[in-house]
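Note sheet for the following structure.
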Amino acid sequence: MADEGRELDPAALAQALGEDMGVIGDEILVDGNRTFDEIMRWRRNAPLLYDIFLEFGMQSPALSVRWLADEADEECTRLAFGTQATNGESGSQSQIVVAELTCVADSELASDPWRSWGVEGLRDSCGFGARPLHNEGNEAPLRLLTRMAHDSDVNRLVSCPSKPQLLAAKGSSGVVTLFDYKRSEEGKERMGVKLGSFQYSAEAVDGFALAWSPLSASWLATGGNDGSLSFWDTEAPGKSAKPLFDTVAHDGPLNDLSFSKHSPQLTTVGEDCGIAIWDVREALSKSQLLAAGAECLTVDWSPSDQHLLATGGKDAMVNIWDLRAFKLPMRTLPGHKGEVLQIQWCPAVGAKFAEISASNLLATCSQDGDAIIWNLAPRPCDVGDEGDEDDQAPEVCFIHSGHRQGMLDFDWTSMEDLLMCSVGEDCTLQVWKPSLSVLEEDEEPEAEETEAERAAKRSRVD
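Counted from 1, the sequence shown has number 387 at position 387 by full-length UniProt numbering; the numbering is strictly sequential.
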């Protein structure tokens with residue numbers, strides 16, 4: 001698609017972007033959300049907006065991506081993503097892939113900082129702001145550690161908060177499968193072992209809702225497009241075929257769920273426009289129910305305030321809810337132009353970025369291809385502020401427009417960092433870190449980092 005009917009020629013665009021951009025697939029450029037001019041404008045401005053930007057091409061889209069919490073025996077930050085099977089490709093199978101960053105931040109950018117790398121197992125990659133961890137020439141900034149076959153498209157992937165090597169994958173078949181990516185089967189060199197699986201319905205029911213409890217390492221909740229909500233103990237002897245609790249939570253698909261970080265509760269949202277609060281102590285008794293006014297696709301419970309929820313849905317709006325006054329949203333945030341597919345509060349509780357408290361930071365991604373970071377801190381202009389001429393809320397403090405098609409999922413690190421990862425319909429995995437000076441326009445740029453190498457890996461707590 002191009003402005004004023006101008007045909008977008010992939011070869012011309014690749015040449016215009018420069019050889020350092022690597023090979024860009026025809027399907028991305030022809031079918032993407034971005035016009036030629038938008039892509040060129042973003043590429044020119046990106047080194048001013050980001051400290052780090054890395055893009056890795058894949059053969060098929062990934063629907064879900066997650067950072068894995070650091071462990072003592074790991075030198076580099078790790079992430080995991082789940083893929084779809086490639087249509088029409090013989091032998092193609094959905095997979096769970098675990099990879100690690102092998103780079104540190106490089107603040108010395110050239111006049112044209114874009115570089116390209118080859119990554120074994122992926123398509124060409126490009127980016128800027130990173131250099132090899134061990135200064136080994138043009139070493140790629142990402143290395144694949146293992147691949148684990150999955151029997152259906154991986155709709156959602158989550159890692160156990162207390163044991164990150166344990167991964168739970170929600171497939172399009174409705175089955176939730178547990179993997180340990182650090183174990184290997186006897187006689188096999190490749191890492192990754194299937195530990196067991198759970199399925200609430202005897203029939204295949206698609207769905208995306210999946211979350212691990214932050215309060216109990218063995219509690220896992222999942223929901224499906226039949227409206228079902230089930231609660232499992234992953235440490236049950238023999239991986240019991242029955243859930244601890246189950247119920248029909250919504251009249252229609254249950255799209256997402258989120259656990260409270262403060263009490264044994266969880267919230268669910270569905271296409272019936274409902275937001276429900278469930279008490280795990282009372283065998284999933286429904287304590288609150290609200291008609292949100294629009295079909296909700298995603299929800300997240302604030303890690304810093306037990307009373308706050310954030311939701312996004314098909315109306316492209318982001319809503320902030322106070323459970324103490326649950327009839328109407330306390331805030332509605334316009335900014336996206338497509339369905340809001342994922343929402344997350346900043347998990348770095350207690351941290352500050354450019355004088356912005358992490359508890360006030362929220363991120364969303366949308367079918368429009370953008371991720372938005374919102375600053376919800378009270379500001380004098382909140383009263384009577386109607387936003388700008390594009391109906392963009394004043395809370396918008398950063399927009400990531402690196403994907404050329406819809407953005408399907410994202411995640412940001414749980415440590416005191418703003419490193420993000422995201423996946424999209426353009427068959428790319430992106431790792432990016434916004435510049436702090438861009439996040440807060442009114443702040444002076446921060447002084448040079450005190451650490452010699454601010455890594456493209458999360459800070460560690462010794």
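A virtual CB, placed ideally from N, CA and C, is assigned to each residue, including glycine.
Whole-angstrom Cβ separation of residue i and residue j, contact assumed at under 8 Å?
i, j, result
"residue 159", "residue 68", "5 Å"
"residue 344", "residue 432", "Not a contact, Cβ separation roughly 15 Å."
"residue 376", "residue 395", "6 Å"
"residue 473", "residue 407", "Absent from the structure is residue 473, since the part of the chain shown begins at 1 and ends at 462."
"residue 179", "residue 195", "6 Å"
"residue 176", "residue 215", "The pair is not a contact, with the Cβ atoms about 19 Å apart (cut-off 8 Å)."
"residue 293", "residue 271", "That belief does not hold up - the Cβ atoms of residue 293 and residue 271 are roughly 13 Å apart, past 8 Å."
"residue 369", "residue 33", "4 Å"
"residue 223", "residue 244", "Contact doesn't hold; Cβ gap of about 15 Å is too wide."
"residue 316", "residue 366", "7 Å"
On the DSSP bridge list, what partners appear for residue i?
i, result
"residue 171", "154"
"residue 80", "66 and 98"
"residue 55", "126 and 430"
"residue 194", "179"
"residue 376", "According to DSSP, residue 376 bridges with nothing at all."
"residue 364", "343 and 372"
"residue 223", "229"
"residue 288", "277"
"residue 352", "357"
"residue 310", "300 and 320"
Any idea what DSSP makes of residue i, helix, strand or coil?
i, result
"residue 322", "strand"
"residue 359", "helix"
"residue 100", "strand"
"residue 304", "coil"
"residue 328", "coil"
"residue 404", "coil"
"residue 438", "helix"
"residue 452", "Since pLDDT at residue 452 reaches only 33, below the 50 mark, its modelled position is unreliable, and no value is offered."
Where do the ends of the alpha helix (DSSP H) carrying residue i lie?
i, result
"residue 44", "36-49"
Starting from residue i, trace the beta strand (DSSP E) in both directions and tell me its first and last residue.
i, result
"residue 423", "420-424"
"residue 279", "274-279"
"residue 267", "265-270"
"residue 148", "142-149"
"residue 114", "No beta strand (DSSP E) contains residue 114, which DSSP labels as neither H nor E."
"residue 248", "245-248"
"residue 340", "340-345"
"residue 210", "210-212"
"residue 256", "254-259"
Between the alpha carbons of residue i and residue j, how many angstroms are there, rounded?
i, j, result
"residue 76", "residue 100", "6 Å"
"residue 289", "residue 37", "46 Å"
"residue 148", "residue 96", "5 Å"
"residue 291", "residue 341", "19 Å"
"residue 220", "residue 163", "13 Å"
"residue 285", "residue 279", "5 Å"
"residue 121", "residue 144", "7 Å"
"residue 117", "residue 229", "44 Å"
"residue 310", "residue 374", "12 Å"
"residue 404", "residue 283", "44 Å"
"residue 62", "residue 410", "11 Å"
"residue 58", "residue 325", "45 Å"
"residue 218", "residue 348", "23 Å"
"residue 336", "residue 297", "14 Å"
So is the beta-carbon of residue i under 7 Å away from any non-hydrogen atom of the ligand HEM?
i, result
"residue 292", "The ligand HEM is not part of this structure, which contains no ligands at all."
Closer than 8 Å, CB to CB, is residue i near chain B or not?
i, result
"residue 398", "Any reference to chain B falls outside this structure, which holds one protein chain only."
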